[in-house]
Amino acid sequence: MTLEPTRRGASSSVLNVQGLTRRFGGVVALDHLDLELAQGEILGLIGPNGSGKTTFFNVLTGLYTADSGSIRFGGTEITQASPQAIYHAGISRTFQRSRLSLPLSIFDNIMIGNHKRLNQKLWFNLVRRDAFRAEFAASFSQAQALVEVFDPPLAGRMFEPIAGLPMIDRRRIEICRALISEPKLLLLDEPSAGMTHEETAKLMDDILVVRQRLTGLTIIIVEHEMGVIERITDRCIVLNFGRKISEGIFAEIAADRQVQEAYLGLQ
Amino acid sequence: MAAANGGAGSVLPGVTAIALATAFLIVLLRVENQTAIISLLAFGLAAVAVANWFGWLAPVTRSFAERENALDAFAVVAALVVAAVFHEDHFVLLLVCTVLLYIVATLGLNIQFGYAGVLNFAGASFFGIGAYTAAVLNEHTAIPHLLVLLIGGVMAALIGSLLLLPVLRTRGHYAAVVTIAFALLFKTFLEVNDVLGGPQGLQVRSMKILGWSFNDNFQIGGVKLSFYISYFLVSLIILVLAFVLVRRIERSWVGLNLDALRLDETAACCFGLDIVRWKVTAFLLGNFLIGIAGTLFGMVGGFVQPNNYTFADSLILVSILLLGGIGNPWGVVVATVIVVIVPEKLQAIQEYRFLLYAALVMAVLLFRSEGLLPRPVRRYFPGWRP
Numbered sequence: 027m028t029l030e031p032t033r034r035g036a037s038s039s040v041l042n043v044q045g046l047t048r049r050f051g052g053v054v055a056l057d058h059l060d061l062e063l064a065q066g067e068i069l070g071l072i073g074p075n076g077s078g079k080t081t082f083f084n085v086l087t088g089l090y091t092a093d094s095g096s097i098r099f100g101g102t103e104i105t106q107a108s109p110q111a112i113y114h115a116g117i118s119r120t121f122q123r124s125r126l127s128l129p130l131s132i133f134d135n136i137m138i139g140n141h142k143r144l145n146q147k148l149w150f151n152l153v154r155r156d157a158f159r160a161e162f163a164a165s166f167s168q169a170q171a172l173v174e175v176f177d178p179p180l181a182g183r184m185f186e187p188i189a190g191l192p193m194i195d196r197r198r199i200e201i202c203r204a205l206i207s208e209p210k211l212l213l214l215d216e217p218s219a220g221m222t223h224e225e226t227a228k229l230m231d232d233i234l235v236v237r238q239r240l241t242g243l244t245i246i247i248v249e250h251e252m253g254v255i256e257r258i259t260d261r262c263i264v265l266n267f268g269r270k271i272s273e274g275i276f277a278e279i280a281a282d283r284q285v286q287e288a289y290l291g292l293q
Numbered sequence: 002m003a004a005a006n007g008g009a010g011s012v013l014p015g016v017t018a019i020a021l022a023t024a025f026l027i028v029l030l031r032v033e034n035q036t037a038i039i040s041l042l043a044f045g046l047a048a049v050a051v052a053n054w055f056g057w058l059a060p061v062t063r064s065f066a067e068r069e070n071a072l073d074a075f076a077v078v079a080a081l082v083v084a085a086v087f088h089e090d091h092f093v094l095l096l097v098c099t100v101l102l103y104i105v106a107t108l109g110l111n112i113q114f115g116y117a118g119v120l121n122f123a124g125a126s127f128f129g130i131g132a133y134t135a136a137v138l139n140e141h142t143a144i145p146h147l148l149v150l151l152i153g154g155v156m157a158a159l160i161g162s163l164l165l166l167p168v169l170r171t172r173g174h175y176a177a178v179v180t181i182a183f184a185l186l187f188k189t190f191l192e193v194n195d196v197l198g199g200p201q202g203l204q205v206r207s208m209k210i211l212g213w214s215f216n217d218n219f220q221i222g223g224v225k226l227s228f229y230i231s232y233f234l235v236s237l238i239i240l241v242l243a244f245v246l247v248r249r250i251e252r253s254w255v256g257l258n259l260d261a262l263r264l265d266e267t268a269a270c271c272f273g274l275d276i277v278r279w280k281v282t283a284f285l286l287g288n289f290l291i292g293i294a295g296t297l298f299g300m301v302g303g304f305v306q307p308n309n310y311t312f313a314d315s316l317i318l319v320s321i322l323l324l325g326g327i328g329n330p331w332g333v334v335v336a337t338v339i340v341v342i343v344p345e346k347l348q349a350i351q352e353y354r355f356l357l358y359a360a361l362v363m364a365v366l367l368f369r370s371e372g373l374l375p376r377p378v379r380r381y382f383p384g385w386r387p
């Protein structure tokens, strides 16, 4: 039924999930999910609403604890790790409903994602203002260069609050916030929500540009737009009721009878 | 108002605004006749409304944004001018000291609530902890009084840390209720505690620095000065330091962290932010400032009693913050001047001052929910260009 994932040797496996289960009361949101991800791969995660995609992201990033199963990231066990530790290990994400801080500027929002690379000591921040200024200026250039990949005009508005920006720009900033710390694994939760087809296509192109710069960046993308999935993913996993029902390249899962019944609406 | 002619980057609009506000304040403090005070306040309101209508406030805002250091220095000069004008007037100088120290306390609250979003309805209690520290230490020890100020701040932070566990374990309104409970408990504790003077309170010995007693009037060049001038100067120095601290907090990754955890705790922890560490930092720093202000206030007033540090007084601090513009230190300055001075001058409303505060806060929340001076978007180094 499914092909073996495109493995490039055991050592290049970035993420290894085994038997991952999460229940909410009587509902099994994730049911013994197995998943393996090679470095540099783009994995599409699809399935009907409530099939467990976002739950998987939330368990993976430590917001929910797993009831059973294990997650290994780059060879380290992270199943019970805190969201903070998981971020430090190199996983960052976007949220289904954009979770930017609206009153803060573009730059501030991106810097929230840069937490682990900024000096957080009180003395440094409050007293050594010259040193702080240097770090600030360097971070600003980085953030601006990253935004430029997505939208050059936006890079000239770094100190404007998010609240005044349209959805497409908010998505871009959210992705920049996730990318600024140069993670090893990026989780995109429905990046196309609230955008037109053209905007989505542009955003995906930009993500691919960034991926070429950040060598070895691995991506898991949750998406309902099949055009996007077909175009950018190397491989797809289909979830239904928290269970993996199909796995393979897009053409294969699209042809899968079970997937069509569960998701594409064929009887 | 030549303010409208100021170009970009000019200090002129800001200087004009500060000068006019200071002149207005001096007249207001001087006048005693109730009708005159009411007309003056009405005139002040009208002047601000007219200036706003003609767009004269925009250059002032720009001026403050771009020439900050010069204007901050000018504001200190303006405060000195007010003190110089009233150099003999005990009552006015006491009022001015009260304003300065309330600003410091509210700046502390601003770190907690304005940035980190941790509500503290026990501000007056921590203020009181400082004042009681001054009473006890000045009476029974020979610790230098400048050091007593620091100890007062540390005491407020330490006793405040008793609240940390319940505050960290609860969220939002529940954390606020914890602080309200503490405020009520604190007052009751003082009232039944004979060592601390019970309901009658304690005398606080006046401040002495290097043998200089602050409770003596003095002369400079034949001009008699009120002893409150000394307190005024110390208060002003502490205010400047507190202001710089709050500014630096806001304009650093620390301020960004506090904002991030206030606005979206979940997103913040997905980007590595240690929620507990930063909430604790904000709470302790805020209480430290409130405690220092309270310690000096105790020495200025010369007397502490439980009735001065009630839940109602905590609410005044919170209402100053809401009125001025949450997160904006300049808003705190303006709002404190209004909230402390207006009821003191308008004897007619003395009894009704809580009604006035309540009405003011409701009006602000309804019609201008960001406060009188809304907080601008963070610029780490104003005027910085990449």
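Protein chains in written order, with the numbering used here: chain A, 27 to 293; chain B, 2 to 387.
Glycine included, every Cβ here is placed at the ideal spot set by N, Cα and C.
Just so it is clear, the structure is predicted and the values come from calculations on it, not from any experiment.
1) Would glycine 372 of chain B pass as a contact of leucine 316 of chain B if the rule is Cβ separation under 8 Å?
2) Using the Cβ count rule (16 or more neighbours within 10 Å means buried), how would you classify lysine 225 of chain B?
3) Going along chain B, which residues have a C-beta under 8 Å from methionine 137 of chain A?
4) What alpha helix (DSSP H) runs, 4 residues minimum, are completely inside the segment 241 to 292 of chain A?
5) If you measure from the beta carbon of tyrosine 116 of chain B to each beta carbon in chain A, is any gap under 8 Å?
6) Kindly indicate which three-state DSSP category proline 187 of chain A falls into: helix, strand or coil?
7) Would you please state the rounded distance, in angstroms, between the beta carbons of isoleucine 291 of chain B and glycine 124 of chain B? I believe it to be under 8 Å.
8) Who are the near neighbours of leucine 257 of chain B in its chain, counting only those whose CB is closer than 8 Å to its CB and skipping five residues on each side?
9) Could you give the C-beta distance for isoleucine 275 of chain A and valine 285 of chain A, rounded to a whole number, given that I count them as a contact under 8 Å?
10) According to DSSP, simplified to helix, strand and coil, what is asparagine 75 of chain A?
11) So with Cβ pairs under 8 Å, would you call phenylalanine 65 of chain B a contact of chain A?
12) If contacts are defined as beta-carbon pairs under 8 Å, then phenylalanine 267 of chain A and serine 96 of chain A qualify, I think. What distance do you get, rounded to the angstrom?
13) Let me know the secondary structure DSSP gives glycine 66 of chain A once reduced to three states.
14) Classify isoleucine 342 of chain B as helix, strand or coil using the three-state DSSP reduction.
15) Given this structure, state the Cα-to-Cα distance separating aspartate 195 of chain A from alanine 268 of chain B, to the nearest angstrom.
16) For glycine 153 of chain B, which three-state DSSP category applies?
17) Taking alanine 269 of chain B as the query, report the chain A residues whose CB atoms sit under 8 Å from its CB, ordered along the chain.
18) Among B/Ile327, B/Arg386 and B/Ala349, which residue has its Cα nearest to the Cα of valine 362 of chain B?
19) Tell me whether the segment 132 to 147 of chain A and the segment 226 to 244 of chain A touch, counting them as touching only if at least three CB pairs, one residue from each stretch, are closer than 8 Å.
20) Whose C-beta lies closer than 8 Å to the C-beta of aspartate 134 of chain A among residues of the same chain, with five residues either side of it excluded?
21) Taking isoleucine 38 of chain B as the reference, give the member of B/Pro344, B/Leu297 and B/Asn288 with the closest Cα.
22) Would you kindly check if the distance between the Cβ of methionine 221 of chain A and the Cβ of arginine 203 of chain A is under 8 Å?
23) To be precise: take each residue of the segment 145 to 159 of chain A, compare its Cβ to all Cβ atoms of chain B, and keep it if any distance is under 9 Å. Which residues remain?
24) What do you reckon, are the CB atoms on glycine 273 of chain B and glutamine 110 of chain A nearer than 8 Å?
25) So, at 7 Å on beta carbons, what are the nonlocal neighbours of valine 61 of chain B in its own chain, with the 5 sequence-adjacent residues on each side left out?
26) Do you know how far the Cα of threonine 87 of chain A is from the Cα of leucine 229 of chain A?
27) Compute the beta-carbon to beta-carbon distance between valine 168 of chain B and valine 179 of chain B, rounded to the nearest angstrom, for a pair I have assumed lies under 8 Å.
28) Compare the C-beta of tyrosine 103 of chain B against all C-beta atoms of chain A and say whether one is closer than 8 Å.
According to the structure data:
1) No, the pair does not count as a contact, with Cβ atoms beyond the cut-off.
2) exposed
3) Trp254 and Leu257
4) Segments of the alpha helix (DSSP H) lying fully in the segment 241 to 292 of chain A: 252 to 258 and 276 to 281.
5) Tyrosine 116 of chain B does not count as touching chain A.
6) Correct three-state label for proline 187 of chain A: strand.
7) 6 Å
8) Arg379
9) Between valine 285 of chain A and isoleucine 275 of chain A the Cβ distance is about 13 Å, and since that is not below 8 Å, they are no contact.
10) Here asparagine 75 of chain A sits in coil by DSSP.
11) With 8 Å as the cut-off, phenylalanine 65 of chain B does not count as an interface residue toward chain A.
12) Incorrect: roughly 21 Å between the Cβ atoms, too far for contact.
13) coil
14) Collapsing the DSSP output to three states places isoleucine 342 of chain B in a helix.
15) 18 Å
16) helix
17) Ile138
18) B/Ile327
19) Short answer: they don't touch.
20) Ser127
21) B/Pro344
22) no
23) Asn145, Gln146, Leu148, Phe150, Asn151, Leu152, Val153, Arg155, Phe158 and Arg159
24) yes
25) Apart from sequence neighbours up to five positions away, the residues of its chain that approach valine 61 of chain B with a beta-carbon distance below 7 Å are Ala4, Pro14, Gly15 and Ala18, ordered along the chain.
26) 23 Å
27) 6 Å
28) Residue-level contact check: tyrosine 103 of chain B does not touch chain A, since none of the beta carbons of chain A fall below 8 Å from its beta carbon.
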